[in-house]
Amino acid sequence: METLRISSIPTLQIPANFDKNQSKKVAFLGYKQILTSSFSLVERHKPSFKTFTTISSSITTETENTSAPQVEIQTQDEKFDWYAHWYPLMPVCDLDKRVPHAKKVLGIDVVVWWDRNESTWKVFDDACPHRLAPLSEGRIDQWGRLQCVYHGWCFNGSGDCKFIPQAPIDGPPIHTSKKACVGAYPSTVQNGMVWFWPNSDPQYKDILTEKKPPYIPEMDDPSYTCLMANREIPYGYEVLIENFMDPAHVPYAHYGIMQTQQPEEKADREGGRPMDLYIPKIDINGFTIEEQNSGQSKFTSPCLFYTSLFGPIDNSNGAASLGKPYGFLKPAGTEKVSPAQRGQKRALLVFFCVPVSPGNSRMISTFPINFGISVKILPRWIYHIPHNLVLDSDLYLLHLEERRIMDAGITQWQKACYLPTKSDAAVVGFRKWLNKYAGGQVDWRGKFTGVLPPTPPKEQLLDRYQSHVVNCRSCNAAHKVLSMLKVVLQVVSFSLLGIVSAIKEGVLSSVVARTALLATALLCFAGSKWLAHFIYKIFHFHDYNHALV
């Protein structure tokens, strides 16, 4: 079957030092080999290509274009149920067991907390049944129960109310009423993340035995380094996931940050080139994106996009089963990286795109890699610096793009947008999957009107502190330490100046000693100013002006 052809995934190169123009490019975290060798991928020869009419899709084009991407869609009458799948909430490494955490998925407010009595993470409705106060603002008491701090009601790991302080001790056991219980969602930990099933009905209590989250064996393989990151994104799930499927935007939107495979003859400064992607078919579970003699990608509905940088995904391991229904996956931990892959250089890009609310999504990403020493040495917050810079460099574009798509109407997407080349094949494929199986958009079940939130000022939109730092234990700790160091440098600077001015010349008669103290004071002051600038750009706001790059 000849349908779609798509080009190679672009190479990744990250700057370690940042100037105003973001023009310096250096290899980061062991990815240098990716940039210069296999990640550049082999030259392609032009395959034969047949066009045909897309089957069963209400998204249509006004004119037939032989170079435009065409996708075959399975014709079964299947309906994608957004509430019958597992969703990742957060990486375990970014969750503090001492406190409850507020999260939102599919418009559902949940609280994630550590039940030390059962030694597992629990996911509840983030509302106390008493007066609907948020349990995420509560605490975990000395008996390991989740306590609402509004009136002190306490709940065990099953959601049962175990204590109501206002109820008389010798009175009826009102805490045993079903109305006093809080909704508990099925949850599990897999691939270093907490997952939950978005339905608290008791019939789904044992859903994990029937249907499991998608499992990626490389993320649990000790021979791989797997650094995780999370970020709250101020645009919707649809735009987020199709952006990861679009390699053609990288040389332009991320110019100076990510290096892509360059053509022999560049048509412009950035080196954009034709791309040739191939999608065999689309079904309710997603689709595979392939290219000849090169990497392979998979979209597994609803939220996983996965790319192998060095060759195709091995069909003998669990990662290949991402394209199958979750119920057919083997139990987590039983799938391993195949022996054929163990002696090979491997690097993967894994993105989990979680629908939060209209105009908001959450990204959890990791890049499992089995080579590169620096990845294992550097702290995780250093790795997050270029990661956030890449996200910020096209964040404002995508935020505004989503609003224009919504203004045109979700059913008019392909009429409003002109996609004549095969480089857009994966984006077209995702929109066709969304339209054919998932109702054209996330099913919010009436929680929202569909109106997107207003656009805040750019500095607020790109604010890293609230969208990432507070949710990342590594970056949060680094922010606190560096902020403390900044204050220490300021105190030392002013203290030394005070000492020099207060001590009489007879006591400190040496000119060299006085000069040394003054120089140290000035260096400390300059260091505090530089550190303040560094903290602001790395942990708060770093603009990316495309016109000046």
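Numbering (the numbering used here), first residue to last: 373 to 921. Backbone N, C-alpha and C define an ideal beta-carbon position, used for all residues, glycine too. These numbers were taken from a predicted model, which means no experiment stands behind them.
Where residue i and residue j are concerned, what is the direct C-alpha to C-alpha distance, given to the nearest angstrom?
| i | j | result |
| --- | --- | --- |
| Glu614 | Phe802 | 7 Å |
| Arg836 | Tyr650 | 36 Å |
| Lys534 | His523 | 13 Å |
| Tyr624 | Pro646 | 14 Å |
| Lys790 | Ala780 | First, the amino acid is wrong: residue 790 is Tyr here, not Lys. Whole-angstrom Cα-Cα distance: 13 Å. |
| Thr426 | Ile741 | With a pLDDT of 33 at Thr426, under the threshold of 50, the modelled position of that residue is not reliable, and no figure is offered here. |
| Cys725 | Val860 | 40 Å |
| Ser765 | Gly899 | 28 Å |
| Ser669 | Gly516 | 43 Å |
| Pro586 | Ile541 | 47 Å |
| Ala692 | Leu478 | In this prediction, Ala692 has a pLDDT of 35, which is less than 50 and means its spatial position is unreliable; nothing more can be read from the coordinates. |
| Tyr908 | Asp640 | 34 Å |
| Asp593 | Thr892 | 49 Å |
| Gln832 | Ser508 | 24 Å |
| Gly705 | Pro545 | With a pLDDT of only 45 at Gly705, under 50, the local geometry of the prediction cannot be trusted, and no value is derived from it. |
| Gln538 | Trp525 | 9 Å |
| Gln562 | Lys901 | 43 Å |
| Phe866 | Ser873 | 11 Å |
| Thr632 | Trp753 | 25 Å |
| Tyr576 | Lys583 | 10 Å |
| Lys451 | Leu806 | 10 Å |
| Gly628 | Ala620 | 15 Å |
| Ile757 | Cys847 | 9 Å |
| Ala474 | Trp485 | 9 Å |
| Asn657 | Arg776 | 28 Å |
| Lys927 | Cys553 | The structure shown does not extend to residue 927, since the chain is modelled only from 373 through 921, so no value can be given for it. |
| His759 | Tyr916 | 14 Å |
| Met735 | Tyr609 | 9 Å |
| Arg488 | Ala885 | 58 Å |
| Phe527 | Leu504 | 14 Å |
| Lys871 | Thr887 | A small correction: the amino acid at residue 871 is Ile; Lys does not occupy that position in the sequence shown. Answer to the nearest angstrom: the Cα atoms are 12 Å apart. |
| Gln394 | Gln862 | Low per-residue confidence applies at Gln394: pLDDT is 40, beneath 50, and the placement is therefore not dependable enough to give any value. |
Would a C-beta distance cut-off of 9 Å place residue i and residue j closer than the cut-off?
| i | j | result |
| --- | --- | --- |
| His918 | Leu834 | no |
| Gly351 | Met600 | The requested residue 351 does not occur in the structure, where the chain is confined to residues 373 to 921. |
| Lys551 | Pro506 | no |
| Phe496 | Gly531 | yes |
| Ile536 | Pro472 | no |
| Tyr678 | Val722 | yes |
| Ala904 | Lys858 | yes |
| Leu868 | Leu854 | no |
| Arg470 | Glu590 | no |
| Leu767 | Tyr607 | yes |
| Pro730 | Cys675 | no |
| Val482 | Asp498 | yes |
| Gly510 | Gln519 | yes |
| Ile605 | Leu763 | yes |
For residue i, list the residues DSSP reports as bridge partners.
| i | result |
| --- | --- |
| Asn807 | According to DSSP, Asn807 bridges with nothing at all. |
| Ser873 | Looking at the DSSP assignment, Ser873 forms no beta bridge with any residue, so it has no partner. |
| Cys526 | Gln519, Phe535 |
| Gly658 | Asp655, Thr672 |
| Leu720 | Ser680 |
| Glu604 | Arg734 |
| Ile741 | Thr597, Ala719 |
| Met591 | Met591 is not bridged to any residue. |
| Gln562 | Met565 |
| Trp485 | Lys494 |
| Lys476 | Asp481 |
| Ala556 | Phe496 |
With distances taken Cα to Cα, identify the nearest neighbour of residue i among the options.
| i | options | result |
| --- | --- | --- |
| Leu750 | Gly812, Glu662, Ala850 | Ala850 |
| Cys896 | Val864, Ser873, Ile907 | Val864 |
| Lys804 | Pro540, Val872, Lys653 | Lys653 |
| Ser733 | Tyr459, Lys451, Glu450 | Tyr459 |
| Ser673 | Lys808, Ile871, Val561 | Lys808 |
| Cys581 | Val566, Thr560, Asp573 | Note that residue 581 is Thr in the sequence shown, not Cys. Selected option, being the one with the closest Cα: Thr560. |
| Glu663 | Ala797, Thr632, Ser549, Ile736 | Ala797 |
| Gly744 | Val883, Tyr596, Trp493, Ala810 | Tyr596 |
| Lys819 | Gly658, Leu920, Lys476 | Lys476 |
| Leu920 | Glu490, His626, His912 | His626 |
| Ile782 | Gly555, Gln862, Gly811, Phe682 | Gly811 |
| Thr492 | Thr548, Ile661, Val566 | Val566 |
| Pro792 | Asp648, Phe682, Glu642, Leu504 | Asp648 |
| Lys494 | Tyr755, Pro570, Gly543, Val883 | Pro570 |
Q. How do the region 766 to 774 and the region 630 to 637 stand: do at least 3 beta-carbon pairs fall below 8 Å, yes or no?
A. no
Q: Count the C-beta pairs between the region 804 to 823 and the region 840 to 859 that are closer than 8 Å, then say yes if the count reaches three, no if not.
A: no
**Q.** the region 808 to 816 contacting the region 450 to 460, beta-carbon criterion three pairs below 8 Å
**A.** yes
Q) Counting Cβ pairs, one atom from each stretch, are 3 or more of them under 8 Å apart for the region 592 to 606 and the region 461 to 468? A) yes
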